[in-house]
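Chains as they are written, first to last, in my numbering: chain A, 1 to 400; chain B, 1 to 400.
Every residue, glycine too, gets a C-beta built ideally from N, C-alpha and C.
Presented below is the structure to which this report refers.
Protein chains: 2
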Amino acid sequence: MDFDQLLADRMRAVDASAIREILKVAARPKMISLAGGMPAPDSFPLRIFPELVDKVLTTYGHRALQYDLTEGFGPLREALAAYIGEKEGLDVSTGDVLIGSGSQGILDGLGKILISRGDSIAIEAPTYLGAIQAFAPYQPNYVSLQTGDDGVSPDALEAVLKQGRVKCVYLVPTFQNPTGRTIPISLRQKIADLLIKYHALLIEDDPYSALRYRGEAVPSIFSMAPDNVVYVGTFSKIFAPGLRIGFCISPPSIRKWLVTARQGVDLHTSTFGQALAAEYLTGGYLDRHLPHILSIYAPRQAAMFRALEDAFPPYFHWSRPEGGMFVWLRGPEGMDMTQVYARAVARNVAFVPGTFFFVRKGDGMETARLSFTCPDEKDISRAVTTLGDVIRQYEKEMSG
Amino acid sequence: MDFDQLLADRMRAVDASAIREILKVAARPKMISLAGGMPAPDSFPLRIFPELVDKVLTTYGHRALQYDLTEGFGPLREALAAYIGEKEGLDVSTGDVLIGSGSQGILDGLGKILISRGDSIAIEAPTYLGAIQAFAPYQPNYVSLQTGDDGVSPDALEAVLKQGRVKCVYLVPTFQNPTGRTIPISLRQKIADLLIKYHALLIEDDPYSALRYRGEAVPSIFSMAPDNVVYVGTFSKIFAPGLRIGFCISPPSIRKWLVTARQGVDLHTSTFGQALAAEYLTGGYLDRHLPHILSIYAPRQAAMFRALEDAFPPYFHWSRPEGGMFVWLRGPEGMDMTQVYARAVARNVAFVPGTFFFVRKGDGMETARLSFTCPDEKDISRAVTTLGDVIRQYEKEMSG
C-alpha cells in the first residue's frame with residue numbers, strides 16, 4: 001500500500017537532508033572525509049565507561065532504569081546548573097535546566113512551541129543545518145542575517161529586530177557550524193543590548209565552546225542577557241554523541257511550554273544516559289578527559305591550516321577559528337564548489353559544499369566546510385593538498 | 001521577561017497532562033499507588049547490567065558512543081526483525097524496522113507526518129493518554145470508537161472507515177491502557193479485513209503483549225494486514241523504560257517520512273541504549289528474564305482480582321485481563337470517580353479516575369484505572385479494600 005496521499009502538509013516543506021547523501025559518500029572505504037561533523041572516535045572516554053556505569057548502578061540503582069521527569073534527571077540538572085553557573089559566572093538553579101535528547105531535541109521543542117506556520121525567525125547565513133531540519137516541519141519563514149569574519153553584525157540584527165517581525169533569533173556564536181567563526185565579546189555585548197532593548201528572544205546554540213585550542217574563552221550572550229536567551233548545550237562534543245544528551249537553560253515561561261511539548265515527544269531523555277552524564281560531570285571525569293580531546297583536535301586543526309597555506313591559491317580565504325570542528329573556505333566569486341566536490345570525491349576526498357548551509361538556494365556556491373576532527377594529521381594534509389590540486393584543475397578547465 | 005505572546009498556536013491546544021498532577025500525589029510517602037503506569041523497579045534486570053555493558057563495549061567499542069543512523073542501530077534492527085518476525089509469524093527484514101526514543105517518539109513522529117490541523121483520526125474511547133499528548137500539537141480532530149469488553153467493535157470501526165474521513169486509526173489491541181482489554185482474534189481478523197477493504201492505515205500500539213500471565217497469545221492485527229499497519233513496540237515493559245527504546249515496523253512510504261521527521265527531532269535514538277537492547281535480545285537475556293517479570297506481576301494481578309471480589313459492591317464491573325498492567329473499574333452510572341479519588345487520596349490510596357482517558361470531557365466519570373504492577377500483594381489487597389470502603393461511604397453520602 002502506498003500512503004503518500006496521507007502525508008501532512010507540513011512534511012511537504014521538509015527535505016530529506018541533502019547532506020545525508022554526502023555523508024554516505026564520505027563513508028566509502030578509502031575516502032578521506034573532511035565532510036562529517038562527528039567527533040573523533042578516539043576522543044570518546046571509552047576506557048572509563050565501565051567505571052562510570054558501575055558508579056551509576058551503585059549510586060542510583062533501579063532509578064537509572066525507571067521512567068523519570070520530562071524536565072530531566074535531578075542529579076544531572078543539578079550538576080549542569082553548577083557547571084554552567086561557574087562557566088558563565090551566573091547564578092543558575094537546578095530548576096532552570098531542562099534536558100533533551102541531544103540539542104536537536106531542544107531545537108525541535110523550541111520550534112514546536114514558538115513557530116506557527118509562516119512565523120519568521122532570524123538565522124545566520126550560513127547556519128547549522130540541523131536547526132533548519134528541526135524547525136522546518138513547523139513551517140517558518142527565515143530572515144537571513146548576513147555574516148562576516150566576526151559572525152553576525154549587530155547592525156544587521158538591529159535592522160531585523162526593529163521591524164519586530166521575527167519570533168526569535170537563532171545563532172551559534174562560538175566556533176559556528178559551518179564557518180567556525182566566533183562573535184567577539186564587544187559585538188556580543190551589543191547583541192545582548194539589542195535583545196533587551198527589543199524584548200527579543202535568542203536561541204544561543206553552543207555545542208563547541210569547550211573545544212578551544214588557544215586564545216581566551218568568550219562569555220556567552222546568555223551570560224549578558226539571561227532573561228532573553230535560551231542557552232542550548234550538549235554532551236555530544238565533550239562526552240559521547242551516541243548518548244543523545246542535550247540541555248537548555250531558558251526563561252521560565254519558555255521552559256514551562258518546552259516541558260509540555262517534550263512530554264509528548266519522548267516523555268523524557270534516557271535516564272541511564274543522563275545518569276552517566278551526571279557522573280561524568282560531578283566525578284571530575286570531564287575535567288580530566290577534556291584536555292585529551294583537545295590534544296587530538298588541536299594538531300589536526302594546525303595541520304589543516306598548514307596544508308591550506310601550502311596548497312591553496314593565494315586568493316582563497318578561510319576562517320581561522322581558535323577551536324571547534326570546522327574551517328570555512330571561500331573561493332573566488334563565480335566558482336562552484338559542488339563541481340569541485342564531484343571531482344574531489346573521484347579522488348577520494350570528501351567535504352561539504354557550503355551552499356547546503358544557506359537557506360536561500362544558490363547562495364554560497366563558492367564556499368565549502370572542511371572538518372578536521374576525524375582524519376589524522378597526515379590524512380588531513382594529504383586531503384587538503386589533493387583538494388588544492390582539484391581546485392586548480394577545475395579553475396583551469398573553467399578558464400580554458 | 002515573559003514570552004507568552006510568542007507561543008505557537010498549536011500549543012494552545014495542548015494541556016499539561018492532568019494525570020501528571022495525579023502521579024505527583026501518588027508519589028507522596030505512605031501512599032499506596034494504583035495510579036502509575038510504571039513497571040515495578042524489581043522487574044528491571046539490574047543485576048545483568050554490568051555484563052550487558054561489558055558486552056556492548058567489547059562488541060561495538062566506539063561505535064556504541066558515536067552518532068548513528070536515524071533509522072536505528074543496525075544490530076538492534078536486525079535483532080528486532082528476527083524477534084518480531086518469529087513472534088508474529090511474518091517475514092520481517094532489518095530495513096523494515098525503525099527505532100525511536102520510546103514508543104512515544106514513534107507516536108510523535110507519526111503525528112507529525114500524518115496529521116494536518118483538523119485531520120481526523122479514530123481512537124478508542126477510552127484510549128492511551130500518551131498518544132493524545134503526542135498527537136495534540138498537530139491539532140487533529142478525534143473520532144471516538146465506542147469500546148466494550150472486547151475492545152473496539154468492527155462495526156463501529158466500519159461505520160467510520162466507510163465515511164473515509166479519518167487519516168488513520170490508533171488502537172492498543174492487547175491489554176489496553178487503560179482498560180486492560182484485548183480484542184479477540186476473530187474480531188482482529190475482521191478489523192484487518194476492514195483495513196484492507198478501505199485502504200486504511202492502523203497504528204497498532206503493542207507495549208503489553210509480552211506481559212501475559214495466562215491464556216493463549218493473540219496474533220497482532222499487523223500480522224493479519226501488514227501492509228496497512230504501523231506496528232509500534234517498546235522495551236519499556238520488558239527491559240527498562242528509562243532507556244527510552246521504542247520501535248515500529250511500517251509500510252515503506254510511512255517509514256521513509258518517519259525517518260525524515262525523526263531526523264529533525266533527535267537525529268537518532270541513543271546508540272548506547274540501542275546497543276544494550278540489542279544484546280538483551282540476542283544474548284538470550286530477554287528469554288531468561290521475562291519469566292521473572294511475569295512472576296512478579298501475575299500474583300499482584302491475582303491479589304487485585306481477589307480483593308475486588310471481596311471488597312466491592314456486586315454491581316461494580318471490572319475487566320479481567322490475562323496480562324498487562326491495568327484493571328478497568330466501572331461503577332454505576334451517575335457516580336463520580338474524581339470525587340472517590342479525592343476521598344481515597346485522603347486515606348493514602350491513589351488511582352486514576354477513568355474520565356482522564358476519554359477525549360470527550362465528562363465521559364467515563366464512573367470509571368477508574370487501577371494498576372497492579374508496583375505495590376506488593378499485601379498493599380494491593382489493602383488499597384483495594386480501602387477503595388471499596390471509600391466507595392461505599394461515597395455512595396451512602398450521595399444517596400443520603
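Beta carbon proximity, residue i to chain B, threshold 9 Å
i        : result
A/Gly417 : The shown model of chain A, from 1 to 400, leaves out residue 417 of chain A, and the question about it has no answer.
A/Tyr138 : yes
A/Ser101 : yes
A/Asp119 : yes
A/Ala64  : yes
A/Thr260 : yes
A/Gln176 : no
A/Thr127 : no
A/Trp318 : no
Selected residue, minimal CA-CA separation from residue i, among the options
i        : options                                   : result
A/Gly61  : B/Ala311, B/Ala64 and B/Ser43             : B/Ser43
A/Ser186 : A/Gly180, A/Pro173, A/Thr179 and A/Tyr198 : A/Pro173
B/Asp96  : B/Pro375, B/Ser250 and B/Tyr297           : B/Ser250
A/Ser209 : A/Leu129, A/Ile84, A/Ser319 and A/Thr282  : A/Ile84
B/Phe73  : B/Gln301, B/His289, B/Ala278 and B/Asp149 : B/Ala278
A/Glu78  : A/Gln66, A/Tyr67 and A/Asp91              : A/Asp91
A/Leu46  : A/Arg214, A/Glu204, A/Tyr285 and A/Leu201 : A/Tyr285
A/Gly36  : B/Pro29, B/Val14, B/Leu52 and B/Tyr67     : B/Tyr67
Beta-carbon contacts of residue i that lie in its chain and below 6 Å, excluding the five residues immediately before and after
i        : result
B/Met325 : Ser371 and Thr373
B/Ile293 : Ser43
A/Gly273 : Leu243 and Ile245
B/Glu395 : none
B/Met335 : Glu366
Three-state secondary structure assigned by DSSP to residue i
i        : result
B/Tyr142 : strand
B/Ala171 : It should be pointed out that residue 171 of chain B corresponds to Leu in this sequence rather than to Ala. DSSP places B/Leu171 in strand when its eight states are reduced to three.
B/Gly148 : strand
A/Phe272 : helix
B/Pro386 : The sequence shown places Thr at residue 386 of chain B, rather than the Pro named in the question. Correct three-state label for B/Thr386: helix.
A/Arg77  : helix
B/Gly233 : strand
B/Glu395 : helix
A/Phe312 : coil
A/Asp416 : A query on residue 416 of chain A cannot be resolved here, the shown segment of chain A reaching from 1 to 400 and no further.
B/Val352 : strand
A/Val97  : strand
Contact under 9 Å by Cβ, residue i with residue j
i        : j        : result
B/Pro321 : B/Glu366 : no
B/Ala159 : B/Leu195 : no
A/Met337 : A/Ala368 : yes
B/Ala275 : B/Ala64  : yes
A/Ala350 : A/Ile22  : yes
A/Val229 : A/Ile183 : no
B/Glu88  : B/Phe222 : yes
B/Val25  : B/Val345 : yes
A/Ile254 : A/Ile391 : no
A/Ser103 : B/Thr269 : no
Below-9 Å beta-carbon distance, residue i vs any chain A residue
i        : result
B/Met38  : yes
B/Tyr67  : yes
B/Cys168 : yes
B/Ile249 : no
B/Gly364 : no
B/Ser116 : yes
B/Gln133 : yes
B/Met31  : no
B/Pro375 : no
Same chain, Cβ closer than 8 Å to residue i, five either side skipped, listed in chain order
i        : result
A/Gly362 : Thr355
B/Arg306 : Ser381
A/Val359 : Ile123, Ala125, Thr127, Ile132, Tyr142 and Ser144
Nonlocal neighbours in the same chain, by C-beta distance under 7 Å from residue i, ignoring five residues either side
i        : result
B/Val166 : Ser120, Ile121, Ala122, Val143 and Val160
A/Thr154 : Just to set this straight, residue 154 of chain A is Pro in the shown sequence, not Thr. These residues qualify, in order along the chain: Leu187, Lys190, Ile191 and Leu194.
B/Ser93  : Ala81
B/Arg212 : Glu322 and Gly323
A/Gly388 : Ala311 and Phe312
A/Val259 : Thr70, Glu71 and Leu98
A/Ala240 : Phe44
B/Leu329 : Phe316, Trp318, Thr367, Ala368 and Leu370
B/Arg347 : Thr386 and Val390
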